[in-house]
Amino acid sequence: MANNIHRLAFVPLGSALFLVLAGLWAAGLTPLDAFGPAPDTVVAPQLRELSAKAGRRITTVTIETSDPVAYLTNRPDPMTLIVELRDVDARRAANTVLAAKGIVAGATVEQATGADGVRVARVHIRLTQPAAHQVRSRRNVIYVDLDSAFPLGTVGTASPGAVRAPGGSRFATTLDSVRAEGKPTGASITLTGNGELVAESVTPLGDGTPRVVLDFPNIRSQAPAEVFVGRGPVSVVHVTTTGVVPTTRVIVDLLRPATYRVLPPEDGEKDFTILFEESEPAVLASPMAPASATVASLDPISALLTRGLGAAIGLPGRAPMAQVPQQGAIPQLPPPGSASGGQQRFTGHPVTLDFQGADLRTVLRTFADISGLNIVIDQAVQGSVDVSLNEVPWDQALDIILRDHKLGYSVDGTIVRIAPLTVLSDEESQRRKLSDERALSGDLEVLTRALSYAKAGDLTALLTRTALSARGDIQVDARTNTIIIRDLASRLQSAAQLIDTLDRPQPQVEIEARIVTTTREFARNLGVQWGFAGRVAPELGNTTGLAFPNQGSLAGRTGGVQGPEAAGSAVNLGVSPATSAIGLALGSVNGAFNLDVALTALESSGNGRILSTPRVSTQNNVPAEITQGVQIPIQTVANNTVTVTFRDAALKLNVTPQITAANTVIMQITLENSSPDFSRAIAGIPPIDTQRAVTSILVNDGQTSVIGGIYVSAQQATNDRTPGLHKIPLLGWLFRRQTITDQSRELLIFITPRIIKI
């Protein structure tokens, strides 16, 4: 057994039995010791040592026992602290007197009997000055920390928010938050402070409503006064702070009896967790425990490993397992196989095992000697073992062997029972079924509640799934908006709390939208028209002097009318319709040559602005719509049948608001602004000019946000001209027409939500 390591090598069964007997003899044990001591030889845990260590501020009193034990603390006055060890033999230390050290004036030990008849060892610690205390335990050692910088009775005089952990102490002075989390077999409640939380008492009560009460001295609460859970067996968590010396009380109300385990924070951690499980029948701690007591939260793994380590270092004899009173529930070990993925940490001392064809039951009994566990093997466990393991933790070796043979285990107090997984699963199902039947037993009662804000029909499905048992049912009176629930008394209380939470007025939201449409138009047209006519004829006296052609005519227009109204022009680049014009007509006396010129011009500009402001109010998470406009009739003819349908051309706002906890509003918005354009009507049916926005936006209460905008700009320049002639310098303008058009259109959409307090 060098280096505290068991080295066992198993060969066929005959040699294995010889080696086992030889190992027992070497350890000073008889073969009968391998099967555990007889019941009448079980020895209660012993109080071994009492010591104190003083620091500059904190004085620590250390109480060491032979095995992990449960303890209670009591503070009869500010100068005295009593630590009561349950089911502990203190006869060897009855005359122990601890000398003064630090703020500890002294300590004594006495053997006594508790209120429930259990033997207890009381350690009386006397102080030289009032001081706050914190109690913690690690395996079989209990530490009592007395903080002189945090005197009892003076913390409460500080103003709220002024309490701080003195000198950077790792212990909490405030409870910051309460969190709930659902579990496959129940729920967990996690308390977080500004340091390590230490409960002065954990008291299970069953006075009509199952609940667990935790007291944290010298701690103020910044957590909500009520946290609704509604998961597993947990209904609601209440948090209160009372007393001149602040004490925060956490009350966990249960829907039905359930088992629980308390997991205090480890070193450096802040989370204090309570696990509630429904997989086992409800076992509550003794109601005899005083309300100011501290129930030790013992990790069953640590206790078992401590016992196993004692056997590993070769302690004489077979020390009995500590009879630790259960705290709220039978402790549960992690199920076999949970080490997959590296999540489980094995802490057993290393062993070397070499099994070849060894009987499975014999190997499992060997683990009882290696670890010091009290092991019971089910009759259905059969098989052989072939493994070779070198210096692995014994608990990991046991886990691997159990998984290889599809076995599991359950823990009942200090006894580990090993059985096939199917057997444990069947037993678990039967226990759960029995627990469900017990939870459903009892007389049904009726709860009638008239709702003010919520609709009774809307809450039926939620209450049925969340608060009611299998025997419960709900009826609704729509006329009076009354909900009628029939169920067990414990479930009715949970349903009433849930109704109080849900039947609350919803705030209203006023949503105002602004649609701004602006237009700008500019046009400029410049044009020219001119024509001429010339004749050569004998009657005019201007013949050509030739026989042929002797006369002729040349004209830039047809007809004899002068001016811009002529039927035709040599250059016809005028503006129509013109807002400005000037004409010039010239002709000879004899009418041999005529010339007319017309200049036309057009310039126009315009600006427009349209503002539309729809506004609507609605409740939180309730859609609302407002519409204003016209409907355009549209006729269709099919099979000699005339059908008239109507299409909306309207301003429409459709919005669904959601108010957040940060006092902001999330809105699902559909905004449309449509208008008919009769200037472009076809067969009397105008097209519809549509502006639409569909979006989701987050806006602060009372603030305005732009949810969209469209800007359209159109610029056009046109030149009409006579080929070639328009290039003549200076005179080229007589042969061209210029048109300039500039249009712009802008659309902006604003939204403003306002929360209306009721």
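Residue numbers are given in this note's numbering: position 50 of the sequence shown equals residue 52, and the series is strictly consecutive. Ideal Cβ placement from N, Cα and C applies to all residues, glycine included.
Three-state secondary structure (DSSP) of residue i
i: residue 55; result: strand
i: residue 278; result: strand
i: residue 498; result: helix
i: residue 519; result: strand
i: residue 657; result: strand
i: residue 533; result: strand
i: residue 749; result: strand
i: residue 741; result: strand
i: residue 546; result: coil
i: residue 586; result: strand
i: residue 453; result: coil
i: residue 482; result: coil
i: residue 258; result: coil
i: residue 627; result: strand
i: residue 352; result: strand
i: residue 569; result: Because the pLDDT of residue 569 is 49, which lies under 50, any placement of that residue in the model is unreliable, and the question is left without a value.
i: residue 147; result: strand
i: residue 364; result: helix
i: residue 78; result: strand
i: residue 206; result: strand
i: residue 613; result: strand
Cβ neighbours of residue i in the same chain (closer than 8 Å, five flanking residues each side left out)
i: residue 631; result: 650, 651, 652, 653, 654, 676, 677
i: residue 96; result: 111, 112, 113
i: residue 442; result: 471, 472, 473, 490
i: residue 178; result: 194, 195, 196, 224, 225
i: residue 383; result: 362, 363, 366, 407, 409, 420, 421, 422
i: residue 227; result: 240, 241, 242
i: residue 467; result: none
Exposure label - residue i; buried when at least 16 CB within 10 Å
i: residue 697; result: exposed
i: residue 50; result: exposed
i: residue 261; result: buried
i: residue 263; result: buried
i: residue 445; result: exposed
i: residue 139; result: buried
i: residue 718; result: exposed
i: residue 411; result: buried
i: residue 758; result: exposed
i: residue 625; result: exposed
i: residue 258; result: buried
i: residue 721; result: exposed
i: residue 234; result: buried
i: residue 194; result: buried
i: residue 212; result: buried
i: residue 377; result: buried
i: residue 725; result: exposed
i: residue 713; result: exposed
i: residue 554; result: exposed
i: residue 372; result: buried
7 Å Cβ shell around residue i - same chain, five flanking residues per side excluded
i: residue 601; result: 530, 583, 584
i: residue 493; result: 257, 469, 470, 471, 474
i: residue 523; result: 607, 608, 745
i: residue 52; result: 65, 95, 98, 100, 109, 111, 125
Close Cβ partners of residue i (< 6 Å) along its chain, the five nearest in sequence each way excluded
i: residue 518; result: 613, 750
i: residue 670; result: 658, 698
i: residue 192; result: 181, 273, 275
i: residue 778; result: Limits of the chain in this structure are 3 at one end and 760 at the other, which puts residue 778 out of reach.
i: residue 379; result: 363, 366, 420
i: residue 604; result: 527, 577, 580, 581
i: residue 370; result: 377
i: residue 271; result: none
i: residue 689; result: 679, 682
i: residue 265; result: 275
The ligand COA heavy atom lying under 7 Å from the CB of residue i
i: residue 186; result: In terms of ligand content, the structure shown is empty, and the ligand COA therefore cannot be addressed.
query: Should the segment 95 to 115 be called in touch with the segment 56 to 71, which here means at least 3 C-beta pairs below 8 Å?
result: In short, these stretches touch, since the Cβ pair count reaches three.
- prompt: Which whole runs of the beta strand (DSSP E) in the segment 370 to 437 are 3 residues long or more, in chain order?
  reply: 376 to 379, 386 to 395, 409 to 414, 417 to 422
field: Every unbroken alpha helix (DSSP H) inside the segment 649 to 730 [4 residues or more]
entry: none
field: Touch test, the segment 447 to 460 against the segment 428 to 436, Cβ-Cβ under 8 Å, three pairs minimum
entry: no
message: Within 8 Å, do at least three Cβ pairs link the segment 243 to 259 to the segment 215 to 226?
response: yes
message: At 3 residues or longer, what runs of the beta strand (DSSP E) sit wholly inside the segment 215 to 254?
response: 228 to 233, 236 to 244
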